[in-house]
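Quick note on the working numbering: the sequence shown kicks off at -13 and runs consecutively. All C-beta atoms in this analysis are idealised placements derived from N, C-alpha and C, irrespective of residue type, glycine included. Model, not experiment: these values are computed from the prediction.
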Amino acid sequence: MKKNRQAEIAKHLTGKELVFHLLLTQLLLVVLASFLSWIFFSDMSAFLNLFQWENVWIIFGICSGLAVVIFDLLLMKKVPSEYYDDGGINEKIFSDMPIWKIGLLSILIAFAEEMLFRGVIQTNFGFWIASITFALVHIRYLSNWYLLLNVCLLSIWIGLLYEWSNHQILPVILMHFTIDFLLGVKMSRNSIHND
């Protein structure tokens, strides 16, 4: 039933409308992360400590993102296509989108979500609260057990990377960006080839 509702939503909204709603959602996450950072961090330097640049963790974040994408692409060839069905929302968002727009959208999503879920929630409330909240916010995946499992495992992996790096936000932002960007480019290119 919920899957049909998602398909109905996707059918009645254009790609531009879906992108608008996605941008609005990400803006709200940035505002929420900023507000909560102001409340939970003792001062600006405590917040800025999240933005350390250590090459090892930057490389590990990017490589983790690449590994997730490769693994996901392999699974896409092996499992039935309905396992990846989110009601057509992702396809509409990325359909025919130029690479530069996919890049901007992906960096916004990665920044907004990781600032809130890792930077604020995981730093202040712990690994499991952040991982579960991240999965629940991706509500459109809740009706598809396979996508829900994917987002839960991804959330755990991102959260572990954040823990292992001693709470460095840049590696997890780059991991998230790498995944969203490459899969977005794949969806965009698929829509061109399917026309």
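**Asked** Hey, how far is the Cα of L(-1) from the Cα of L10?
**Response** Mapped onto the sequence shown, residue -1 falls at position 13. Mapped onto the sequence shown, residue 10 falls at position 24. Answer to the nearest angstrom: the Cα atoms are 15 Å apart.
**Prompt:** Is the distance from the Cβ of I88 to the Cβ of F97 below 8 Å?
**Reply:** Counting from one through the sequence shown, the residue named residue 88 turns up at place 102. Counting from one through the sequence shown, the residue named residue 97 turns up at place 111. No, the Cβ-Cβ distance between I88 and F97 is not below 8 Å.
**Message:** Rounding to the nearest angstrom, what Cα-Cα distance links E149 and Q12 in this structure?
**Reply:** Position 163 of the sequence shown holds residue 149. Position 26 of the sequence shown holds residue 12. C-alpha separation (whole angstroms): 24 Å.
**Item:** Extent of the continuous alpha helix (DSSP H) run through G1
**Value:** Taking the first residue of the sequence shown as position 1, residue 1 is located at position 15. For G1, the enclosing alpha helix (DSSP H) begins and ends at G1 to F26.
**Message:** With the cut-off set at 8 Å, would you say G47 and I165 are in Cβ contact?
**Reply:** Start at 1 with the first residue of the sequence shown, and residue 47 comes out as number 61. Start at 1 with the first residue of the sequence shown, and residue 165 comes out as number 179. Using a Cβ distance threshold of 8 Å, G47 and I165 do not count as a contacting pair.
**Message:** The alpha helix (DSSP H) that contains G145, what's its start and end?
**Reply:** Along the sequence shown, one-based indexing puts residue 145 at 159. It spans W131 to W150 - the alpha helix (DSSP H) in which G145 sits, taken as one unbroken run.
**Request:** Give the single residue among M101, S67 and W43 whose Cα lies nearest to the Cα of V17.
**Result:** Indexing the sequence shown from 1 puts residue 17 at position 31. For V17, the nearest C-alpha among the options comes from M101.
**Request:** For S117, count neighbouring Cβ atoms within 10 angstroms of its own Cβ and tell me buried if that reaches 16, exposed if not.
**Result:** Here residue 117 refers to the residue found at position 131 when the sequence shown is read from its first residue. Counting Cβ neighbours within 10 Å, S117 comes out buried, since at least 16 surround it.
**Message:** I'd like to check one pair, W39 with L147: are the Cβ atoms closer than 8 Å?
**Reply:** Walking along the sequence shown from the start, residue 147 turns up at place 161. Walking along the sequence shown from the start, residue 39 turns up at place 53. Between L147 and W39, the gap from beta carbon to beta carbon reaches 8 Å or more.
**Item:** Span of the alpha helix (DSSP H), counted from its first residue to its last, around E99
**Value:** Taking the first residue of the sequence shown as position 1, residue 99 is located at position 113. First-last of the alpha helix (DSSP H) with E99: I85 to E100.
**Request:** Can you tell me the Cβ-Cβ gap for L169 and D58, rounded? I've got them flagged as a contact below 8 Å.
**Result:** The residue you call residue 169 lines up with position 183 of the sequence shown. The residue you call residue 58 lines up with position 72 of the sequence shown. With a Cβ gap of about 7 Å, L169 and D58 count as contacting.
**Request:** Apply the 10 Å Cβ neighbour rule to R104 and answer buried if 16 or more other Cβ atoms are within range, or exposed otherwise.
**Result:** Taking the sequence shown and counting its residues from 1, the one referred to as residue 104 is at position 118. Around the C-beta of R104, 16 or more other C-beta atoms lie within 10 Å, and the residue is accordingly described as buried.
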